[in-house]
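A.B. asks:
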Amino acid sequence: MTNIEIVRKMNDGFVKGDMEKMMQHFATDVRWNVIGASTLINKKVFKKDVNNKYFIGLPTLKIKNEIQQGDWVAVEGEVLCKKNDGSMLHALFFDVYRLENGKIKELRSYVIERNKPVYLSINNY
5 MTNIEIVRKM NDGFVKGDME KMMQHFATDV RWNVIGASTL INKKVFKKDV
55 NNKYFIGLPT LKIKNEIQQG DWVAVEGEVL CKKNDGSMLH ALFFDVYRLE
105 NGKIKELRSY VIERNKPVYL SINNY
């Protein structure tokens, strides 16, 4: 199985709520860094956080692009899921995975909520 196929199978387990299918693709000492939000170290903590109390039901993922180079896989897409307060999370994401010996060893997630305005400023020099 290629690295990109491993990431696809893990994401398939995520959207189906199949924790065992998802977890089998992570190294025991996996590191997950959600940029600007949190860093989780090890599979046990990762599993607990994925099943967090902030969301209800299963997410929907729409993958836009996937890139693989050696031990690295990048995935760009959108995620939609219901929050426990009844509102919806609609976010754009860019995940960067590093695999080692057929397991996801590191995951960096860049997430931008679509329902929150983002303001950019460009300065001319």
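Throughout, our numbering is defined as the position within the sequence shown, counted from one, plus 4.
Glycine is no exception: its CB is placed at the ideal position from the N, C-alpha and C atoms.
Since the structure is predicted, the reported quantities are computational estimates derived from the model, not experimental observations.
Inspect the beta-carbon positions of L111 and D99 and report whether they are closer than 9 Å.
C.D. replies: Taking 9 Å as the Cβ cut-off, L111 and D99 qualify as a contacting pair.
A.B. asks: I think V77 touches L103, with their Cβ atoms under 8 Å apart; what is that distance to the nearest whole Å?
C.D. replies: About 7 Å separates the two Cβ atoms, so the contact holds.
A.B. asks: If you count every other CB in all the chains shown that lies within 10 Å of the CB of I10, and 16 or more means buried, which is it?
C.D. replies: Buried, since its Cβ has 16 or more Cβ neighbours within 10 Å.
A.B. asks: Please report the residue range of the alpha helix (DSSP H) in which M14 lies.
C.D. replies: Unbroken alpha helix (DSSP H) run through M14: N7 to K20.
A.B. asks: Rounded to the nearest angstrom, what separates K86 and D75 at their Cα positions?
C.D. replies: Roughly 33 Å separates the two Cα atoms.
A.B. asks: Quick one: Cα of S113 to Cα of R35, how far?
C.D. replies: Computed Cα separation, rounded: 11 Å.
A.B. asks: Go ahead and label N7 buried or exposed: buried means 16 or more other beta carbons lie within 10 angstroms of its beta carbon, across all protein chains shown.
C.D. replies: N7 should be labelled buried.
A.B. asks: Is it right to say I108 is buried, meaning 16 or more other beta carbons lie within 10 angstroms of its own, or is it exposed?
C.D. replies: Result: buried.
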